[in-house]
Each structure stands twice: as C-alpha cells, then as structure tokens.
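The block underneath contains the structure these notes are about, expressed in structure tokens.
Numbering (the working numbering), first residue to last: 141 to 289.
Here it is as structure tokens:
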C-alpha cells in the first residue's frame, strides 16, 4: 500500500513480505495520539536493527531505516506510555508481536492463501484471516485508494 500510494519509487522488500508499517497507540474514539512527551530516554539497541530491517524496513528509502524508525518512535511510540516504557521497549514490542506472538501478517495471510501478488481481495477475507491467526484479535485497517481502486 505504501508503495502504490507514494510518488517516490518504492523498493519492495526482497522476499515480497507483508512488513510492519507501524505500531501506533490508538484511542477508541477520535484521532490517535501523536508526538507525546518522552518519559524515559532509553534508546533503541543497535542489536535490534537486523531484525527490524527485515520486518519493518523503510520501503521508500532502503538506505535510511534508522531515520524512518526514529520518526516512527517520535510520532507514535512516545504515546504508548505506560505500556511502552521507552524507545527500546517500543521496537522490542514490534519484534515480539511479529515473531514471538506469531502476529506475522505475511505468514497469517499466506496460510489463508492470500499473497502479496497484486490481486484484489475483499476486506472481510483479510480481516477473517488475521482474526483466525491471532486468536480473534480485530485488526485496524487504513485503506488507500489508488486510481479509484
């Protein structure tokens, strides 16, 4: 979706994976919070970067993952307190959700025979596949139109 809706040429992940686009705290009603006050200044550990490059790459600029992650932390991650304690915890949470808790959307959708192959799918099929793969957790979708589609 990011590649299809952006005028900047996109560099798709080499394995054609569904990758993380973001981890954003949300409110049940109203706009999601952004740019909150940082309470604990513990920085992201460099040891997390190899995993993040695979599951959360900057698809628009594969040479600048760290700048992309820094912007994600400042805009969204800072608003996860107290559940998210600091920058390192924010990125560890993404890795944990993707790998440890099996919230790997690529695997979940592939198991449901939904692949990133450019084919249109009913949103309900995607939602049902994700719910089946995450113990009925309801995903939050943000749909983008591309040439009216």
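Even for Gly, the Cβ is constructed at its ideal location relative to N, Cα and C.
Top-ranked residue by Cα proximity to residue i, from the options
i	options	result
residue 250	235, 187, 266	266
residue 199	175, 160, 182	160
residue 254	236, 239, 273, 238	273
residue 215	204, 202, 230	230
residue 247	269, 260, 162	269
residue 210	259, 222, 236, 181	181
residue 201	150, 259, 258	150
Distance CB(residue i)-CB(residue j) smaller than 8 Å
i	j	result
residue 280	residue 166	yes
residue 239	residue 233	no
residue 158	residue 256	yes
residue 213	residue 193	no
Residue i at chain D interface by Cβ criterion, 8 Å
i	result
residue 163	Given the protein chain composition of this structure (a single chain), no chain D is represented.
Simplified DSSP assignment, three categories, for residue i
i	result
residue 170	coil
residue 255	coil
residue 238	helix
residue 272	helix
residue 205	helix
Residue i to residue j span [Cα, whole Å]
i	j	result
residue 218	residue 178	6 Å
residue 263	residue 282	11 Å
residue 162	residue 271	19 Å
residue 203	residue 170	35 Å
residue 191	residue 197	9 Å
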